[in-house]
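Participant: Quick note: to get my numbering, add 341 to the position in the sequence shown (first position is 1).
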Amino acid sequence: MEENKMTQQTPERKQTIFSGIQPTGIMTLGNYLGAIKNWVELQNTYNCAYCIVNMHAITVKQDPKALKQHTLEAYALMLACGVDPEKSVAFIQSHVTTHAELNWVLACSTQFGELSRMTQFKDKSKRYPDNINAGLFTYPVLMVADILLYQSNLVPVGIDQKQHLELTRDVAIRFNNTYGNTFTIPEPYIPKQGAKIMSLADPTKKMSKSDDNVNGFISILDKPETIVKKFKRAVTDSDMEVAYREGKDGINNLMTILSTVTGDSFETIERDFAGKGYGDFKTAVGEAVAEHLRPVRENFDRLMADKSYLESCYKRGAEQAEKISRRTMEKVYKKIGFLPR
342 MEENKMTQQT PERKQTIFSG IQPTGIMTLG NYLGAIKNWV ELQNTYNCAY
392 CIVNMHAITV KQDPKALKQH TLEAYALMLA CGVDPEKSVA FIQSHVTTHA
442 ELNWVLACST QFGELSRMTQ FKDKSKRYPD NINAGLFTYP VLMVADILLY
492 QSNLVPVGID QKQHLELTRD VAIRFNNTYG NTFTIPEPYI PKQGAKIMSL
542 ADPTKKMSKS DDNVNGFISI LDKPETIVKK FKRAVTDSDM EVAYREGKDG
592 INNLMTILST VTGDSFETIE RDFAGKGYGD FKTAVGEAVA EHLRPVRENF
642 DRLMADKSYL ESCYKRGAEQ AEKISRRTME KVYKKIGFLP R
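(1) Determine the DSSP secondary structure at G594, reduced to helix, strand or coil.
(2) For F432, count the other beta carbons within 10 Å of its own beta carbon; 16 or more makes it buried, fewer makes it exposed. Which is it?
(3) In angstroms with no decimal places, state the Cα-to-Cα distance between T479 and D590.
(4) How close, in whole Å, do the beta carbons of I526 and I514 come, if the pair is a contact with beta carbons under 8 Å?
(5) I'd like the list of long-range same chain contacts for I377, defined as Cβ closer than 6 Å, with 5 residues on each side in sequence excluded.
(6) Any contact between the stretch 364-374 and the stretch 543-563? By contact I mean 3 or more CB pairs, one from each, below 8 Å.
(7) Buried or exposed: where does G375 fall if 16 or more other Cβ atoms within 10 Å of its Cβ makes it buried?
(8) Going by C-alpha distance, which of R682, F359, Y674 and E455 is nearest Y520?
(9) What separation, rounded to the nearest whole angstrom, lies between the Cα atoms of V496 and F524?
(10) In three-state terms, what does DSSP make of N640?
(11) How about T577 and I592: are their beta carbons less than 9 Å apart?
(12) With distances taken Cα to Cα, identify the nearest neighbour of V512 among T451, N494 and S549.
(13) To which residues does DSSP link A390 through a beta bridge?
(14) Once the 5 residues before and after R417 are set aside, which same chain residues still bring their CB inside 8 Å of it?
(15) What residues in its chain sit with their C-beta under 8 Å from that of K617, if we drop five residues either side in the sequence?
(16) Which residues does DSSP pair with T412 in a beta bridge?
(17) From this set, R458, P405, Q434 and I538, which residue's C-alpha is nearest A659's C-alpha?
(18) Using a Cβ-Cβ cutoff of less than 6 Å, which residues in the same chain neighbour Q349 once the five nearest sequence positions on both sides are dropped?
(19) So what's K402 in DSSP terms, helix, strand or just coil?
(20) If we count the other Cβ atoms within 10 Å of its Cβ and call it buried at 16 or more, is K656 buried or exposed?
(21) If you count every other CB in all the chains shown that lies within 10 Å of the CB of Q410, and 16 or more means buried, which is it?
(22) Of all the beta strand (DSSP E) runs that stay within the bounds of the stretch 518-594, which reach a length of 3 or more residues?
(23) Do K428 and C389 come within 9 Å of each other at the CB atom, strictly closer than that value?
(24) I'd like the list of long-range same chain contacts for N345, defined as Cβ closer than 6 Å, with 5 residues on each side in sequence excluded.
(25) Taking the alpha-carbon positions, what's the Q661 to V430 distance?
(26) Pull up the distance between the alpha-carbon of R510 and that of V498, whole angstroms please.
(27) Just the Cα atoms here: how many angstroms apart are K664 and R354?
(28) Any idea if K648 is buried or exposed, counting beta-carbon neighbours within 10 angstroms, 16 or more meaning buried?
(29) Find the nearest neighbour of A575 within the set T624, V482, P481 and E587, judged by alpha-carbon distance.
(30) Which value, in whole angstroms, describes the spacing of the CA atoms of A475 and E628?
(31) Could you tell me the alpha carbon to alpha carbon distance between H505 and V485, rounded to whole angstroms?
(32) Identify, in the order they occur along the chain, each residue of the same chain with its Cβ nearer than 8 Å to the Cβ of L383, setting aside the five sequence neighbours on each side.
(33) Applying the criterion that 16 or more other CB atoms from any shown protein chain within 10 Å of the CB defines a buried residue, is E343 buried or exposed?
(34) Return the residue from the list K547, K546 and K571 that minimises the CA-CA distance to V555.
(35) Span of the alpha helix (DSSP H) holding V498?
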């Protein structure tokens, strides 16, 4: 991507999308179907900036060696899933200093009360009572900076992440009202299907790699036989009818997953499995997911065996992100009254 790709003036200028993912181990099927798969599709229509948000990761204590490895793996996985560094700006957050710079400026335009109402801070404080640090409290401001740096028009978010985008909009509007038009006000981009993949063991909860039950989540690098086995153990109901309707959380979740990986409608799925048992259905979903993830596993192995190529990609991505975001920072510094250097 050329330096000015995100800001070029054309009669039909593409809108800009920003999104990031944490390097906290191998992503789940939920992460993939709810986020990364959509990133790949969006890069053909929008100017996209995608990053590994390793600065966010350190709000929770990390082993430095593991964090370094997980960051590289997360970047490789992003590319393995189909994010093309020739089409999108694909980078690692800590490589672009403007994220930390804008974080401080915007922290001074964010109210304590706003941050104290963030539900994820409350959740993580309960999970990590021995490490309730200032970064854990203020990290939503860094998320705001991530988005606003690239003058993002749209942000792909899950239903449970809308609160962070609402904060982003509030801070951007407040800053614009105080200092003049500076930031684009982003809108949420929420896909109609696959936005929230639920646990296979408890379909009332979101799929998460922190689930105590390993059968509740699928790692996108799981072996095919492991994937099929986990789907065979998926919780369903006693109706024995493959149909999408209220009260059938387990089947609804499996139908959403199958629809997302195959492109089949719920009506098609219901017709294909009419009169068949849940055993056949769960096996079919597992096999479809295993096959869908096969190229991801193969691409990941290939990329991890070529560290020099990965390094060239994330260095180029950082250079592109720095050039684009630096223009925003220069504008911000001028607006708030900082002397140019």
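Where a beta carbon is used, it is the ideal one built from N, C-alpha and C, also for glycine. Quantities reported herein were computed from a predicted structural model and do not represent experimental measurements.
Facilitator: Reading from the atomic positions:
(1) Indexing the sequence shown from 1 puts residue 594 at position 253. Here residue 594 is Asn; the residue named in the question, Gly, does not match the sequence. N594: helix per DSSP, three-state reduction.
(2) Taking the first residue of the sequence shown as position 1, residue 432 is located at position 91. The residue in question, F432, is buried, as its Cβ has 16 or more Cβ neighbours within 10 Å.
(3) As a working note, residue 479 is residue 138 in the sequence shown. As a working note, residue 590 is residue 249 in the sequence shown. For T479 and D590, the distance between alpha carbons rounds to 35 Å.
(4) Locating residue 526 in the sequence shown gives position 185, where the first residue counts as 1. Locating residue 514 in the sequence shown gives position 173, where the first residue counts as 1. With 8 Å as the limit, I526 and I514 qualify as a contact, their Cβ atoms being about 6 Å apart.
(5) Sequence index remark: in the sequence shown, residue 377 carries index 36 (1-based). Around I377: C422.
(6) yes
(7) Reading the sequence shown from its first residue, position 34 is the one you call residue 375. Classification for G375: buried.
(8) On the sequence shown, residue 520 is found 179 positions in, with the first residue counted as 1. Among R682, F359, Y674 and E455, the Cα nearest to that of Y520 is on Y674.
(9) By one-based count along the sequence shown, residue 496 stands at place 155. By one-based count along the sequence shown, residue 524 stands at place 183. So the alpha carbons of these two residues sit roughly 14 Å apart.
(10) Locating residue 640 in the sequence shown gives position 299, counting from the first residue. Here N640 sits in helix by DSSP.
(11) Counted from its first residue, the sequence shown places residue 577 at position 236. Counted from its first residue, the sequence shown places residue 592 at position 251. Contact flag set, yes.
(12) Counted from its first residue, the sequence shown places residue 512 at position 171. When each option's Cα is compared against that of V512, the closest is T451.
(13) Within the sequence shown, residue 390 is the residue found at index 49, counting from 1. Answer is F359 and V430, bridged to A390.
(14) Taking the sequence shown and counting its residues from 1, one reaches residue 417 at position 76. As written in the sequence, residue 417 is Ala, which differs from the Arg given in the question. Once the five neighbours on either side are set aside, the close Cβ partners of A417 are F641, L644, M645 and L651.
(15) Numbered from its first residue, the sequence shown carries residue 617 at position 276. Result list for K617: V583, in chain order.
(16) Counted from its first residue, the sequence shown places residue 412 at position 71. Paired residue(s): none; T412 is not in a bridge.
(17) Against the sequence shown, residue 659 aligns to sequence position 318. Nearest option by C-alpha distance: Q434.
(18) The residue given as residue 349 occupies position 8 in the sequence shown. Note that Q349 scores a pLDDT of 46, beneath 50, so its modelled location is shaky; the value from the coordinates is reported in the next line. Around Q349: no qualifying Cβ.
(19) As a working mapping, residue 402 is identified with position 61 in the sequence shown. Note: K402 maps to coil in three-state DSSP.
(20) Here the question's residue 656 lines up with position 315 in the sequence shown. When all chains shown are included, K656 counts as exposed.
(21) Here residue 410 refers to the residue found at position 69 of the sequence shown. Exposed, by the Cβ-count rule.
(22) 528-530
(23) What you label residue 389 is simply residue 48 of the sequence shown in a count that begins at 1. What you label residue 428 is simply residue 87 of the sequence shown in a count that begins at 1. In contact: C389 and K428 (Cβ atoms closer than 9 Å).
(24) Counting from one through the sequence shown, the residue named residue 345 turns up at place 4. The predicted model places N345 with a pLDDT of 48, which falls under 50 and marks its position as unreliable; any figure quoted below should be read in that light. Excluding positions up to five away in sequence, the list is empty.
(25) In the sequence shown, residue 661 corresponds to position 320, counting from 1. In the sequence shown, residue 430 corresponds to position 89, counting from 1. Cα to Cα, Q661 sits roughly 7 Å from V430.
(26) One-based indexing of the sequence shown puts residue 510 at position 169. One-based indexing of the sequence shown puts residue 498 at position 157. The straight-line gap from Cα to Cα measures roughly 14 Å.
(27) The residue labelled residue 664 in the question sits at position 323 within the sequence shown. The residue labelled residue 354 in the question sits at position 13 within the sequence shown. One C-alpha to the other measures close to 19 Å.
(28) Position 307 of the sequence shown, counted from the start, is the residue given in the question as residue 648. By the 10 Å Cβ count, K648 comes out exposed.
(29) In the sequence shown, counting from the first residue as 1, residue 575 sits at position 234. Minimum Cα distance to A575 is reached at T624.
(30) As a position in the sequence shown, residue 475 is number 134, starting the count at 1. As a position in the sequence shown, residue 628 is number 287, starting the count at 1. Roughly 45 Å separates the two Cα atoms.
(31) Counted from its first residue, the sequence shown places residue 505 at position 164. Counted from its first residue, the sequence shown places residue 485 at position 144. Near 8 Å, if we compare the C-alpha coordinates of V485 and H505.
(32) Residue 383 sits at position 42 when you count from the first residue of the sequence shown. Cβ neighbours of L383 beyond the five flanking positions: I358, C389, P497 and Y530.
(33) Taking the sequence shown and counting its residues from 1, one reaches residue 343 at position 2. For E343, the predicted model reports a pLDDT of 46, less than 50, meaning its position is unreliable and no value from the coordinates is stated.
(34) Translated into the one-based positions of the sequence shown, residue 555 becomes position 214. Considering only alpha carbons, the answer is K571.
(35) Walking along the sequence shown from the start, residue 498 turns up at place 157. No alpha helix (DSSP H) holds V498; DSSP gives it neither H nor E.
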